[in-house]
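Before any comments, here is the structure.
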Amino acid sequence: MNILDEIEQLQETLIQDRRTLHQMPETTFDLDQTTAYIKKRLIEMGYTPHDLGNHGIVTTIGTGSPCLLLRSDMDALPMAEESGLDFAAHNGKMHACGHDLHMTMLLGACAIFKQLKEIKGTIKILFQPAEEIASGAKAMIDAGVLENPHVDAAFGMHIKADQPTGTIAYCPGVMMPSSDFFTVQIHGKSVHGSAPHLGVDPISIAAHTICNLEMLTAREIDAAERFTMTIGSLQAGTTGNIIPDEAVLKGSIRCFDPDVRVKVLERFEEIITDTAQMYRGEALVNFPMRALTVNNNETLAKDWLPALQSIAKVDAHCQPLSISEDFSYFMEHVPSLFVLVGAQGDRPPVSLHNSHIIFDEEGMKTGIAAYVAIALHYLQGTH
């Protein structure tokens, strides 16, 4: 089978699928229209899709071992689209991270699989919700996606508009950092600004907290470690002459080394708690969104390279990225590989989560081919 030739035959359908999905962006686990469309398309191809957990979709083709999981995410972002495309969304949400193309690529692969006379093993197809809040993968695992049948390996991808169309990039080992988004609520005691000694100032505590956390970055972690902490929001008070009851910090911590992450998170909570207590306040720490390191299995990174090279130009030792992905939760359980697929086209490079981003739809061919090539390579016994 010439995979790329088979994909060419699907081009009209692929474009229709992608543009339909692009015009119905939905967020987190609220994916009624999206999942209805995906299930409709799978049924048309002859699959039997099943609901999994909260708005996940799973189906299989083939039987027996080994079992390979292929995953696409589905959720969009809560931002208005400004791409100017004829098929732009107008509901205040946008597929600015390319998940509409991810879904289309996995649907395309599903169409190719139905043309195979024999599949030696099982391909498990997963359409996953809530990647953007780093919750969907874990929810799918908790719902049992890695069992019945048991998954032996997993493959996922992300499309990018700042990588040349027709290319694939990845690296063995850690490719993306863990990401821990945090909210810190600092509680004080409100009082009029004329008598600050009668209150507890959460804004002052927040300021000291930020400075003390800078010392964690500058003096407690080896400068050679790829570790970043960002505080992007400080909210407190409503007027200039009243000390408020509360200040809220929001930010994120990214670590490439899991051991560094453990140390950072431990000291992070100690510093916040101790600083608040020092100034007679109280601090509560919450982590509403967390992703683990994307750690590509080194054996698969090597063994699956020929399959990828057969359908695209491949950089198998790219520089690690600082973005995060909840595909990392699958990697915690089974050997996995995660790759980047180029869709820049002839436009200047644009980063993800940009309201003006436009992906080259030609890039979908590479993604579909990668799904199919990896599945055939793995199930033909080279695993």
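Residue numbers (full-length UniProt numbering): 1 to 383. The beta-carbon is built from N, C-alpha and C at its ideal position, and this holds for glycine as well. As the structure is a prediction and not an experimental result, all values here were calculated from the model.
- Item | Ala301 at chain D interface by Cβ criterion, 7 angstroms | You won't find chain D in this structure, because it holds only one protein chain.
- Item | Paired residues, beta bridge with Ala236 - DSSP | Within the sequence shown, numbered from 1, the residue matching residue 236 stands at position 236. Ala247.
- Message: Less than 7 angstroms between the C-beta atoms of Pro164 and Gly342, yes or no?
- Response: The count along the sequence shown starts at 1 and reaches residue 164 at position 164. The count along the sequence shown starts at 1 and reaches residue 342 at position 342. Their beta carbons are under 7 angstroms apart, which means Pro164 touches Gly342 by this criterion.
- Task: Mark Gly92 as exposed unless 16 or more other C-beta atoms lie within 10 angstroms of its C-beta, in which case mark it buried.
- Result: As a working note, residue 92 is residue 92 in the sequence shown. In the assembly as shown, Gly92 is an exposed residue. Its beta-carbon has fewer than 16 other beta-carbons within 10 Å.
- Query: How would you write the range of the beta strand (DSSP E) that Glu282 sits in, first residue to last?
  - Reply: In the sequence shown, counting from the first residue as 1, residue 282 sits at position 282. Note, Glu282: beta strand (DSSP E), 282-291.
- Message: Taking the alpha carbon of Met229 as the reference point, which residue from Thr273, Ala36, Cys211 has its own alpha carbon closest?
- Response: One-based indexing of the sequence shown puts residue 229 at position 229. Relative to the Cα of Met229, the nearest Cα in the group Thr273, Ala36, Cys211 belongs to Cys211.
- Query: Are the region 111-129 and the region 56-74 in contact at 8 angstroms, needing three or more beta carbon pairs?
  - Reply: The region 111-129 makes contact with the region 56-74, as at least three CB pairs between them are under 8 angstroms.
- Message: If you reduce the DSSP assignment to three classes, tell me which class Val314 lands in.
- Response: By one-based count along the sequence shown, residue 314 stands at place 314. Strand at Val314.
- Message: Determine whether the beta carbon atoms of Leu42 and Gly108 lie at a separation below 7 angstroms.
- Response: The sequence position of residue 42 within the sequence shown is 42, counting from 1. The sequence position of residue 108 within the sequence shown is 108, counting from 1. No, the pair does not count as a contact, with Cβ atoms beyond the cut-off.
- Message: Tell me whether the region 260-273 and the region 201-218 touch, counting them as touching only if at least three CB pairs, one residue from each stretch, are closer than 8 angstroms.
- Response: Under the three-pair Cβ rule at 8 angstroms, the region 260-273 counts as touching the region 201-218.
- 7 angstroms CB neighbourhood of Asp100 in its chain, flanking five on each side removed: Taking the sequence shown and counting its residues from 1, one reaches residue 100 at position 100. Excluding sequence neighbours, Asp100 sits near Arg18, Leu21, His22.
- Query: Between Phe330 and His150, what straight-line distance do the alpha-carbon atoms span, to the nearest angstrom?
  - Reply: Position 330 of the sequence shown, counted from the first residue, corresponds to residue 330. Position 150 of the sequence shown, counted from the first residue, corresponds to residue 150. Straight-line measurement puts the Cα of His150 at about 13 angstroms from the Cα of Phe330.
- Under 7 angstroms between C-beta atoms of Ala307 and Ala373: Within the sequence shown, numbered from 1, the residue matching residue 307 stands at position 307. Within the sequence shown, numbered from 1, the residue matching residue 373 stands at position 373. Yes.
- Message: Can you list, in chain order, the residues of its chain with a C-beta nearer than 6 angstroms to that of Asp32? Leave out the 5 residues immediately preceding and following it.
- Response: Taking the sequence shown and counting its residues from 1, one reaches residue 32 at position 32. So no residue of the chain qualifies.
- Going by Cα to Cα distance, which pick from Glu298, Asn354, Gln380, Phe327 is closest to His158? Looking up residue 158 in the sequence shown gives position 158. Put simply, of Glu298, Asn354, Gln380, Phe327 the residue whose alpha carbon is nearest the alpha carbon of His158 is Phe327.
- Query: Between the C-alpha atoms of Asp86 and Ile358, what's the straight-line distance to the nearest angstrom?
  - Reply: For this step, residue 86 is matched to residue 86 along the sequence shown. For this step, residue 358 is matched to residue 358 along the sequence shown. Computed Cα separation, rounded: 12 angstroms.
- Message: Helix, strand or coil, according to DSSP, for Asn212 in the structure here?
- Response: Here residue 212 corresponds to residue number 212 of the sequence shown, with the count starting at 1. Three-state DSSP puts Asn212 in a helix.
- Message: Within the continuous beta strand (DSSP E) that includes Pro66, where are the two ends?
- Response: Along the sequence shown, one-based indexing puts residue 66 at 66. Counting along the chain, the beta strand (DSSP E) containing Pro66 begins and ends at 56-73.
- Query: What is the rounded straight-line gap between the Cα of Asn296 and the Cα of Val200?
  - Reply: For the purposes of this step, residue 296 is taken as the residue at position 296 of the sequence shown. For the purposes of this step, residue 200 is taken as the residue at position 200 of the sequence shown. Spanning the two alpha carbons is a distance of roughly 48 angstroms.
- Query: When DSSP labels each residue in this structure, what does Met364 get in the three-state scheme?
  - Reply: Position 364 of the sequence shown holds residue 364. DSSP places Met364 in helix when its eight states are reduced to three.
- Message: Tell me whether the region 140-149 and the region 310-327 touch, counting them as touching only if at least three CB pairs, one residue from each stretch, are closer than 8 angstroms.
- Response: The region 140-149 is not in contact with the region 310-327.
- Message: Using only the alpha-carbon positions, how far apart do Val350 and Pro258 sit?
- Response: Counted from its first residue, the sequence shown places residue 350 at position 350. Counted from its first residue, the sequence shown places residue 258 at position 258. Going by the C-alpha atoms only, they are around 30 angstroms apart.
- Query: Just curious, the beta strand (DSSP E) that Thr122 is in, first and last residue?
  - Reply: For the purposes of this step, residue 122 is identified with residue 122 of the sequence shown, where counting begins at 1. From DSSP, the beta strand (DSSP E) with Thr122 extends over 120-128.
- Item | Counterpart residues of residue 395 in DSSP-defined beta bridges | Any answer about residue 395 is impossible in this case: the structure gives the chain only from 1 up to 383.
- Task: Less than 8 angstroms between the CB atoms is what I'm expecting for Arg226 and Pro172, so what's the real figure, rounded?
- Result: Residue mapping note: residue 226 aligns to position 226 of the sequence shown, counting from 1. Residue mapping note: residue 172 aligns to position 172 of the sequence shown, counting from 1. With a Cβ gap of about 16 angstroms, Arg226 and Pro172 do not count as contacting.
- Range covered by the beta strand (DSSP E) that runs through Phe338: Reading the sequence shown from its first residue, position 338 is the one you call residue 338. Where Phe338 is concerned, the enclosing beta strand (DSSP E) stretches over 336-342.
- Item | Integer-rounded CB distance, given that Asp315 should sit under 8 angstroms from Ala161 | On the sequence shown, residue 161 is found 161 positions in, with the first residue counted as 1. On the sequence shown, residue 315 is found 315 positions in, with the first residue counted as 1. Actually they do not touch by this definition, with Cβ atoms about 17 angstroms apart.
- Message: What residue range does the beta strand (DSSP E) around Leu52 cover?
- Response: Looking up residue 52 in the sequence shown gives position 52. Unbroken beta strand (DSSP E) run through Leu52: 50-52.
- Query: Does the Cβ of Arg71 have 16 or more other Cβ atoms within 10 Å, making it buried, or fewer, making it exposed?
  - Reply: What you label residue 71 is simply residue 71 of the sequence shown in a count that begins at 1. Burial of Arg71 is indicated by the presence of at least 16 other C-beta atoms within 10 angstroms of its C-beta.
- Which whole-angstrom value describes the C-beta separation of Ile243 and Ser190, a residue pair presumed to lie in contact below a C-beta threshold of 8 angstroms? To locate residue 243, count along the sequence shown from 1; it is residue 243. To locate residue 190, count along the sequence shown from 1; it is residue 190. Between Ser190 and Ile243 the Cβ distance is about 6 angstroms, and since that is below 8 angstroms, they are a contact.
- Throw me the rounded Cβ distance for the Ala96 and His353 pair, which I believe falls under 8 angstroms. Taking the sequence shown and counting its residues from 1, one reaches residue 96 at position 96. Taking the sequence shown and counting its residues from 1, one reaches residue 353 at position 353. Ala96 to His353, Cβ: 5 angstroms. Contact.
- Query: Excluding five sequence neighbours on each side, which residues of the same chain lie with their C-beta closer than 8 angstroms to the C-beta of Ala369?
  - Reply: As a working mapping, residue 369 is identified with position 369 in the sequence shown. By the criterion of a C-beta distance shorter than 8 angstroms, Ala369 is surrounded in its chain by Ile3, Leu4, Ile7, Ile311, Ala312, once the five residues flanking it on both sides are discounted.
- According to DSSP, which residues form a beta bridge with Met157? Taking the sequence shown and counting its residues from 1, the one referred to as residue 157 is at position 157. Answer by DSSP bridge pairing, in chain order: Val339.
- Buried or exposed (CB count within 10 angstroms, at least 16 for buried), Thr48: Residue numbering aside, residue 48 sits at position 48 when the sequence shown is read from its first letter. Counting the other Cβ atoms within 10 Å of the Cβ of Thr48 gives fewer than 16, which makes it exposed.
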